[in-house]
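This report refers to the structure that appears directly beneath it.
Residue numbers (the working numbering): 1 to 242.
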C-alpha cells in the first residue's frame, strides 16, 4: 500500500501520516495507492483506480454536517444518554468515523474516543484537523489510536458513560455492499482487526461499573444478557446496561 499525494499538497501533515503508517508517498497514482491526499484531505479507496468504495470524512458537509448544527433535534440520543442536565464525560470505545461522538460534542459533552484501526484513525484525525477552525467544541474531544479496553482499564478519568457501536452484522438487509461500509471492512481485514466486536463488548460488560450504551440494529437478537432497558428508534435501538 502507498499514499498518492498530489504535487501541490505535500506537507508536514501527510509526511507525519506516512511515517505513522510506515507507507511510502508517491506523486504517480498507481494500483497500490489506496490512500490519496489532495484538496479533500486524506481519502481511502478499496480500488485505487475506481472512485467507488471509498472513504473521505468531512464533518462540515452531508448528513452529519446537517445534524451537528441541530443538536436540539437529536431526541433519540438525548433520551439514550439520560435526563441529567449536567454535561457528561463519555468514553467511545468504537468510534469508527466518529459520527455519534460528533453529535455528543455538539450537545456540549466531553468525549474520549479510542480507535483500534490506525488507518481509520488517520482518516478521522485528518477530518478533525480540517474542521477544528470551524467547530470549537472539538476541543472537548480526546481522540487517539489504540485498544480501547486497555486504554479504559488504565485510565484515571471518571467517565459517566461507555458507548459501544460495533459494526452491524452482515445480515442487515438494507446494508449496501458499496461505499464507505465496504471500504471500512476492507481496512479492518487488511489490518486484521475484523471479528473482534464480541470480545470487546464482553470485556466491557464483564467490568461493568458505569452506564453502558450498546447501539444495535432494531430487529437484531438480544445477544448479551442483563439489559436494564432499551431506547428504540425506527431502525436502531440502544441497549442500556447499568
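We put the beta carbon where it would ideally sit given N, CA and C, even for glycine.
Report task. Measure how close the beta-carbons of residue 92 and residue 111 come, nearest whole angstrom, since I'm counting them as under 8 Å. Result -> The count along the chain shown starts at 1 and reaches residue 92 at position 92. The count along the chain shown starts at 1 and reaches residue 111 at position 111. Going by Cβ atoms, the distance from residue 92 to residue 111 rounds to 6 Å, so yes, they are a contact pair.
- Using DSSP bridges, identify the partner residues of residue 25. Taking the chain shown and counting its residues from 1, the one referred to as residue 25 is at position 25. Answer is 3.
Task: Local conformation of residue 20 per DSSP, three classes - done: Within the chain shown, the letter at position 20 stands for residue 20. DSSP places residue 20 in helix when its eight states are reduced to three.
inquiry  = Check whether the segment 96–107 and the segment 55–71 are in contact - that is, three or more C-beta pairs closer than 8 Å.
reply    = The segment 96–107 vs the segment 55–71: in contact.
* Report yes or no: do three or more beta-carbon pairs, one from the segment 139–152 and one from the segment 111–120, lie closer than 8 Å? => Contact between the segment 139–152 and the segment 111–120 is present, because at least three Cβ pairs lie under 8 Å.
Quick check: is the beta carbon of residue 216 nearer than 8 Å to any beta carbon in chain B? Absence of chain B from the displayed structure is noted, only one protein chain being present.
Exercise. How long is the line joining the alpha carbons of residue 79 and residue 86, rounded to whole angstroms?
Worked result: Within the chain shown, the letter at position 79 stands for residue 79. Within the chain shown, the letter at position 86 stands for residue 86. CA-to-CA, the gap between residue 79 and residue 86 works out to about 14 Å.
| residue 153: first and last residue of the uninterrupted alpha helix (DSSP H) it sits in | Residue 153 sits at position 153 when you count from the first residue of the chain shown. Residue 153: member of the alpha helix (DSSP H) spanning 148–154, first to last residue.
Open item on the list: Output needed for residue 242: all residues of its chain with C-beta closer than 7 Å, excluding positions within five of it in sequence on either side, in chain order.
Closed with: Translated into positions along the chain shown, residue 242 becomes position 242. Shown here for residue 242: same chain residues with a beta carbon closer than 7 Å to its own, the five before and five after excluded, namely 211, 228 in chain order.
- Item | Segment limits, alpha helix (DSSP H) that includes residue 76 | Here residue 76 refers to the residue found at position 76 of the chain shown. Here the alpha helix (DSSP H) through residue 76 covers 75–81.
- When you compare each of 122, 239, 24 to residue 1 by their alpha carbons, which one comes out closest? Within the chain shown, numbered from 1, the residue matching residue 1 stands at position 1. Ranking 122, 239, 24 by CA distance to the CA of residue 1 puts 24 first.
Using 8 Å as the Cβ pair cut-off and three pairs as the minimum, do the segment 27–38 and the segment 2–13 touch? By the Cβ test, the segment 27–38 is in contact with the segment 2–13, since at least three Cβ pairs between them sit closer than 8 Å.
- Touch test, the segment 116–131 against the segment 33–49, Cβ-Cβ under 8 Å, three pairs minimum: Three or more beta-carbon pairs separated by less than 8 Å link the segment 116–131 to the segment 33–49, which places the two stretches in contact.
Check: Hey, residue 233 and residue 76: beta-carbon distance below 8 Å or not?
Finding: Residue 233 sits at position 233 when you count from the first residue of the chain shown. Residue 76 sits at position 76 when you count from the first residue of the chain shown. Going by C-beta atoms, residue 233 is nearer than 8 Å to residue 76.
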